[in-house]
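Under mature numbering (1 follows the signal peptide of the UniProt record, and there is no 0), the residues of the sequence shown are numbered -18 to -1, 1 to 1051, in order.
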Amino acid sequence: MKGTFIVGIAVLLAQCHASRGGLCNVYDPFKVQPENNKFQVGGAFPLHDTDCIWLKPKTIQDIVAVQWALTHWNQNPDNNNFKMGLYAGDTCSRPKEAISQSLRFLDSVGYHEPDECVNPAISRQTPKLIGLILPKDRTSAQALGALLQTTDLPVAAYSSPAADAMADLHVENVVTTAPTLSIFVDVFIKLMGSLRSNLVTIIDNGMHPKTISRVVKQLRASGIHVAEIVAYDHPAIAQVLSETDSQIMLSFIDKEQFFEVFKRKELLSLNKMWVAISTDGEGLSTQEQLKVLQYGSKLQVVSLQPRQKDLPLFRDYFLRVLKNNYQSYSLLTAYVQQVFNCSLTGTNGFVDCASIGRDDMTAIYKQAATVESAVRLTYALASAGAQLENNSSSRSLCGRPTANCTRLIMNALESLDYEFGANDPAELAGERLHFYRAHDSMLVLSGIVIEGIQLFNDEHMGPMVYKVIEYETGRKPRVVKSNFKQTKVQSVCAPFRPFCGQCEYVTQVDSNKYFLSVPKEYPLYLVGLFDFHDGPTCQTFRDSDISLPMAFVHTIWTLRQRFPQLRLLRNLEFGALLVDSCSTGRSAIEVIVKSETQCIALEQAERNITIVPGSVFGYVSGVSDNLHEALRGLFVSGEVPLVTLSSEQIPTLDEFSTMPSSKLYALAVIKLLKKLNWEFITAVLSAQDSASLAVYRQFERLASERGVCLADVMNIGGEHIPESSTSSATNVTVLFTTASDAANFFAAKLRRESSLAHVHVVIGDAHEFYLHDPSNIAKLVGTISIQPKDVLYSDFRQWLEMTTPLTLPEQWYWRFVENRWQCALLQSSRSLYNDKLCTGDELLDVPSLGRMTRSGYLSRGVERFLFAMDAVYRRLCPEQTGICTEFYTNGRKQILNTLKKVRNEDEFDVYEFLPDTQGSFAYRSIGNWSMKNGLRLNDTYKNFDSHGNQIPSENAASQRTVSRCSPPLCKCLLGKDFFKNPVNMALPVNEDAVLLGGSYVRSEPTAGGDHRAQYSSMLDHLTSGQWRLHVSSYVFLVLITLLLLLAFGRVRCSFATSSICGSLKAISR
């Protein structure tokens, strides 16, 4: 039998070549058919490459290995009644030919013969099909597998790629003696357990997506999460792997691709672990292992590979056949010439093949990785056939290939327990052959050993190699683990990552409303809500303050640069997510509720980003104050902070604002009014502006206590303001309005000429009145503005002045630019603007943004939030090597608690609207107020007449505007203790006698002390008191005297004479 295989090939090739010539002969199958042959195995083998010229030496070894195993089996006397033959056809590594050759084999055993056409006599003489052997290459096996999905044939694989192809296609009745990918993944799962890790990044070649899906599913079933899947040839793979959360990578690529990617030096500098599984099932040889890493490499590599058993007797047999027959048979001639690089004809530059001896061949020979699997598969199929032949019922059922016979064959293989004996290959003597059902329902050989080889670079000794795990397949796999010689790498999935099993269901959100600055996956997010649009369907671009969202992103981007010495938030990445509230409370509430309760997915820059509940560590409210009121009720749980611009701060809410409180604001206004003797005022309100109304409510409450009298309160709104609303009984008007309402009020008032000088004090947004109506500003010089201290960074204003769509390529900003300049930046907007394109150099009109008070305090609030986050991060994650579990679990709550301890701003600036030297007008600072230092005016107030002309300094004292009301004409003073203490009510009240409520407000000492009237006697008061200086005092004195007489007369009338009563009655009339 030794030469049967080679002789058969030679005869067939010679016949085919003689009849058809060319390369056609390679497709002619060959058979090994012993006498009394009962069973047949066969299939397609890729003996050549796709050109049908270049041999595949490893497949040649596989066929010889099958023939060698059959020789042992068939020559064993115990198997005389169970002999088995081989049918093999070359595919030239082409999927079409793999199908063709396999069908030809099935036809040779009568598979395609209809039952009605079967000749029993011929059928009894035809060897029984025991198994269809798959091509070893993945592409051919996959093509054949698509056909086998519709059949009930026993399918056999001796290579990992072929077995994996069947698993992807869910082909039934498969037996394999090669390890499948699921086995390698099992080993990897055990390895991850040793490392106490549950997060991995997968590197693949993109050729087998179904295989990767199976891997991901198997990993998830074991609690291991996949951070991302990266192509091995990704141009920035080193950067991607550096930025990913995972510290462990699992590659599923072939050896060639593995060494290609490891040529990148930047990859070797990563302090991570790379676990390699080869797609062709071959591991790294000893020489290859030492080539992987270089001196100085930080990357650790673990190669999961099957242990190969050397078969020296097979080597001797193969080389003997080769040496003795290569000159006679063309297939062996081609093998020798290709493998040993020699020539039979003495071609220059090549060694003469005749000069190559057995020792030379032995030195070059390398056993193919699939030889052992091919031998074991041959024995398994032959043993299953023997079991069937020994059973009469099975023998009759398997007369032809049927579904029932296939079931019997698979049952025989599953129950197989064959022990290699003395007549079998000596290298396998004493070993047992049995199978078990694996994850993918195929029968897998027990006893396959997978080793995990650790490769790392030692600082002193260079590249080192150690075995860290050994895994033996079986119903109860045997696992032996060893300690890692290098520092263990740990890769733990953060609980708020979308790939960490938190998102069973994902809600897709509108990417036109969600904008992630610098789009990519982040472990944490800070969400800012802004009024970009309004309208029933959020279709109209709102004319809102664009500086608010710009302050939000600028603060986040520049924090570390602004405070480099503090090394803030080291190794802590977070994303800035801007969300359009659509200017409705319902939409804003939905954003918060979805972020806290659902996994939301959005598409940004062609990347799918998923945000899980709990990963938002804070919210920033840049919406209008009216809309903010709708949000406040959501933040009461004590879990997550809301950074706001609200001046009405409620301790029970989870919100934080650096904006000074409305109570302090009102107090600062009152202090200035009292200082300038403006105690009798008119208030103008924007009825729909909650921010200014909040300050007014506090002002109204404190004014009566502090001696400021409100003569009248006017509510305005919109452009149409009645003329009666602009008239005033006082010399001072305080405007608690929006800028547009203030401008409309001034325009209406200035239409009524007046010869009396009048002072206007603007509060809050009214400061920007001049931006809305610059035509009348010359007549409004002398206007006083009291504003929260300017906290805006100067570099922010400079950044705004330089920003263009090209320097800020973010969709929310581009849409603002498109609306502002009515041109298209986005491809989707071209039709909207009739193909009018923006240049990309459009600049903001920064002066039109005004003082940007709200933007400054939003920036300050975000900055305080990030400082609090850094403090909590340092406390919970002292090593600052990344986000720790404790920070994920308790970080949000501790950040909120830290923010609640932050002291609010309490400083205000005082401005006067004045002309400058260039003929224009602007605000100039004239003082400030704070709780600590009180009111300080660094410049005197400039008085102006009704025509806007400044009053000369020599006349300023006599002509300055004063607005006071002497009691008892001021109705606001009659509500106090006028009748109990009328004398003292005529004197200035101590402004600090009434303490402000609230834990953050304290009384303010003044130099004046408590001034009350002090007289030596009542007579002294009557003769020298200041009451004598007021005419109204005499009028009231006469009136009171008459009323007293009338009252006295009515009481005494019944006891006095009628003449007296008549006189009193006459007086009363």
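The beta carbon of each residue, even a glycine, is placed where N, CA and C say it ideally should be.
Check for me: the alpha helix (DSSP H) holding asparagine 373 runs from which residue to which? Translated into positions along the sequence shown, residue 373 becomes position 391. According to the DSSP assignment, asparagine 373 belongs to no alpha helix (DSSP H), since it is labelled neither H nor E.
Any chance the CB of glutamine 769 is under 7 Å from a heavy atom of the ligand ATP? In the structure shown, the ligand ATP is absent, as is every other ligand, since no ligand is present at all.
Inter-residue Cα distance where the pair is threonine 352 and alanine 160: Here residue 352 is taken as the residue at index 370 of the sequence shown, counted from 1. Here residue 160 is taken as the residue at index 178 of the sequence shown, counted from 1. When rounded, the distance between both Cα atoms is 8 Å.
By DSSP, does lysine 520 sit in helix, in strand, or in coil? Taking the first residue of the sequence shown as position 1, residue 520 is located at position 538. The sequence shown places cysteine at residue 520, rather than the lysine named in the question. Per DSSP, reduced to three states, the secondary structure at cysteine 520 is coil, with no helix or strand assignment.
Taking the C-alpha atoms as reference points, what is the distance between threonine 785 and methionine 532? Sequence index remark: in the sequence shown, residue 785 carries index 803 (1-based). Sequence index remark: in the sequence shown, residue 532 carries index 550 (1-based). Cα to Cα, the separation comes out at about 10 Å.
Pick helix, strand or coil for proline 288, following the three-state DSSP scheme. Looking up residue 288 in the sequence shown gives position 306. In the structure shown, proline 288 sits in a strand (DSSP, three-state: E or B).
Simplified DSSP state of tyrosine 905, which is helix, strand or coil: The residue given as residue 905 occupies position 923 in the sequence shown. Strand, per DSSP.
Are any of the Cβ atoms in chain D nearer than 8 Å to that of glycine 873? The structure shown contains no chain D; it holds only a single protein chain.
For glycine 1031 and leucine 1024, I'd like the C-alpha separation in whole angstroms. On the sequence shown, position 1049 is the one that residue 1031 refers to. On the sequence shown, position 1042 is the one that residue 1024 refers to. Distance from the CA of glycine 1031 to the CA of leucine 1024, rounded to the nearest whole angstrom, comes to 10 Å.
Using only CA atoms, which one of Ala669, Ala648, Ser674 lies nearest to alanine 685? Position 703 of the sequence shown, counted from the first residue, corresponds to residue 685. Among Ala669, Ala648, Ser674, the Cα nearest to that of alanine 685 belongs to Ala648.
Can you have a look at glutamate 238 and say buried or exposed, based on whether 16 or more other CB atoms are within 10 angstroms of its CB? Locating residue 238 in the sequence shown gives position 256, counting from the first residue. Exposed: under 16 other Cβ atoms inside 10 Å.
Exposed or buried, what is glycine 328 when buried is set at 16 or more other beta-carbons lying within 10 Å of its beta-carbon? Sequence index remark: in the sequence shown, residue 328 carries index 346 (1-based). Classification of glycine 328: exposed, given that the 10 Å Cβ count is below 16.
Going straight from the alpha carbon of valine 714 to that of valine 695, what length do you get? As a first step, residue 714 must be located in the sequence shown, where it is residue number 732. As a first step, residue 695 must be located in the sequence shown, where it is residue number 713. Approximately 12 Å between the Cα atoms of the pair.
Test item: CB-CB of aspartate 516 and cysteine 564 under 8 Å: As a position in the sequence shown, residue 516 is number 534, starting the count at 1. As a position in the sequence shown, residue 564 is number 582, starting the count at 1. Yes; because the gap between Cβ atoms is below 8 Å, this pair is in contact.
When you compare the CB positions of phenylalanine 87 and glycine 367, do they come within less than 8 Å of one another, or not? To locate residue 87, count along the sequence shown from 1; it is residue 105. To locate residue 367, count along the sequence shown from 1; it is residue 385. Glycine 367 sits away from phenylalanine 87, with the two beta carbons spaced by 8 Å or more.
At which residues does the beta strand (DSSP E) containing arginine 918 begin and terminate? Along the sequence shown, read from residue 1 onward, the residue named residue 918 stands at position 936. 916 to 919 is the span of the beta strand (DSSP E), which, as asked, contains arginine 918.
Measure the C-alpha to C-alpha separation of serine 529 and proline 897 and round it to an integer number of angstroms. Position 547 of the sequence shown, counted from the start, is the residue given in the question as residue 529. Position 915 of the sequence shown, counted from the start, is the residue given in the question as residue 897. Straight-line Cα distance between these residues: approximately 27 Å.
Touching by the beta-carbon criterion (3+ pairs, under 8 Å), the region 875 to 895 and the region 492 to 508: Contact between the region 875 to 895 and the region 492 to 508 is absent, because fewer than three Cβ pairs lie under 8 Å.
Let's test the definition: count the other Cβ atoms within 10 Å of the Cβ of arginine 457 and tell me whether it reaches 16, buried, or not, exposed. On the sequence shown, position 475 is the one that residue 457 refers to. Counting C-beta atoms within 10 angstroms of its own C-beta, arginine 457 has fewer than 16 neighbours from the protein chains shown and is therefore classed as exposed.
Is tryptophan 794 helix, strand or coil by DSSP? Along the sequence shown, read from residue 1 onward, the residue named residue 794 stands at position 812. Here tryptophan 794 carries a helix assignment [DSSP, helix/strand/coil].
Which value, in whole angstroms, describes the spacing of the CA atoms of valine 983 and leucine 655? Position 1001 of the sequence shown, counting from 1, holds the residue named residue 983. Position 673 of the sequence shown, counting from 1, holds the residue named residue 655. Low per-residue confidence applies at valine 983: pLDDT is 33, beneath 50, and the placement is therefore not dependable enough to give any value.
Nearest neighbour of glutamine 586, chosen from Val622, Gly596, Ile652, Pro501 [CA to CA]: As a position in the sequence shown, residue 586 is number 604, starting the count at 1. With distances taken between Cα atoms, glutamine 586 lies closest to Pro501.
Answer with buried or exposed for asparagine 465, where buried requires no fewer than 16 other C-beta atoms within 10 angstroms of its C-beta. For this step, residue 465 is matched to residue 483 along the sequence shown. Asparagine 465 is exposed by the Cβ-count criterion.
Taking the C-alpha atoms as reference points, what is the distance between serine 628 and alanine 476? Residue numbering aside, residue 628 sits at position 646 when the sequence shown is read from its first letter. Residue numbering aside, residue 476 sits at position 494 when the sequence shown is read from its first letter. Approximately 34 Å, taken between the alpha carbons.
In the DSSP assignment, what residue or residues form a beta bridge with proline 770? Start at 1 with the first residue of the sequence shown, and residue 770 comes out as number 788. Paired residue(s): Phe890.
Whose C-alpha, out of Val137, Glu95, Leu151, Val23, is nearest the C-alpha of lysine 110? One-based indexing of the sequence shown puts residue 110 at position 128. Ranked by Cα distance from lysine 110, the first of Val137, Glu95, Leu151, Val23 is Val23.
Classification of aspartate 227 by the beta-carbon crowding that lies within 10 angstroms, buried from 16 upward: In the sequence shown, the residue the question calls residue 227 occupies position 245. Taking all protein chains in view, the Cβ of aspartate 227 is crowded by 16 or more other Cβ atoms within 10 Å, so the residue is classified as buried.
If we ignore side chains and look at the alpha-carbon of each, how far apart do leucine 917 and leucine 732 end up? Residue 917 sits at position 935 when you count from the first residue of the sequence shown. Residue 732 sits at position 750 when you count from the first residue of the sequence shown. Here the C-alpha atom of leucine 917 lies approximately 31 Å from the C-alpha atom of leucine 732.
Three-state class that DSSP yields for asparagine 872 in the structure shown: Locating residue 872 in the sequence shown gives position 890, counting from the first residue. Per DSSP, reduced to three states, the secondary structure at asparagine 872 is helical.
Taking only the alpha-carbon atoms, compute the straight-line gap between serine 365 and methionine 66 and give it to the nearest angstrom. Indexing the sequence shown from 1 puts residue 365 at position 383. Indexing the sequence shown from 1 puts residue 66 at position 84. Going by the C-alpha atoms only, they are around 10 Å apart.
On the DSSP bridge assignment, give the partners of aspartate 694 in chain order. One-based indexing of the sequence shown puts residue 694 at position 712. For aspartate 694, which the question treats as bridged, DSSP gives the partners Thr664.
Figure out for me which residue from Ser75, Leu675, Leu114, Asn19 has the closest Cα to the Cα of glutamine 107. Here residue 107 is taken as the residue at index 125 of the sequence shown, counted from 1. Glutamine 107 has its Cα closest to that of Asn19, out of Ser75, Leu675, Leu114, Asn19.
Give a yes or no on contact between the region 274 to 281 and the region 314 to 328, applying the rule of three or more CB pairs nearer than 8 Å. Cβ pair count under 8 Å is below three, so no.
Would you report the Cα separation of aspartate 440 and methionine 446, rounded to the nearest angstrom? For the purposes of this step, residue 440 is identified with residue 458 of the sequence shown, where counting begins at 1. For the purposes of this step, residue 446 is identified with residue 464 of the sequence shown, where counting begins at 1. Note on geometry: alpha-carbon atoms of aspartate 440 and methionine 446 lie some 7 Å from one another.
Taking the straight line between their C-alpha atoms, what separation do you get for leucine 560 and glycine 873? In the sequence shown, residue 560 corresponds to position 578, counting from 1. In the sequence shown, residue 873 corresponds to position 891, counting from 1. For leucine 560 and glycine 873, the distance between alpha carbons rounds to 22 Å.
Inter-residue spacing [alpha-carbon to alpha-carbon] between glutamate 986 and threonine 664: Walking along the sequence shown from the start, residue 986 turns up at place 1004. Walking along the sequence shown from the start, residue 664 turns up at place 682. Any reading at glutamate 986 must be qualified, since the residue scores a pLDDT of 38, below 50, and its modelled position is unreliable; no value is offered.
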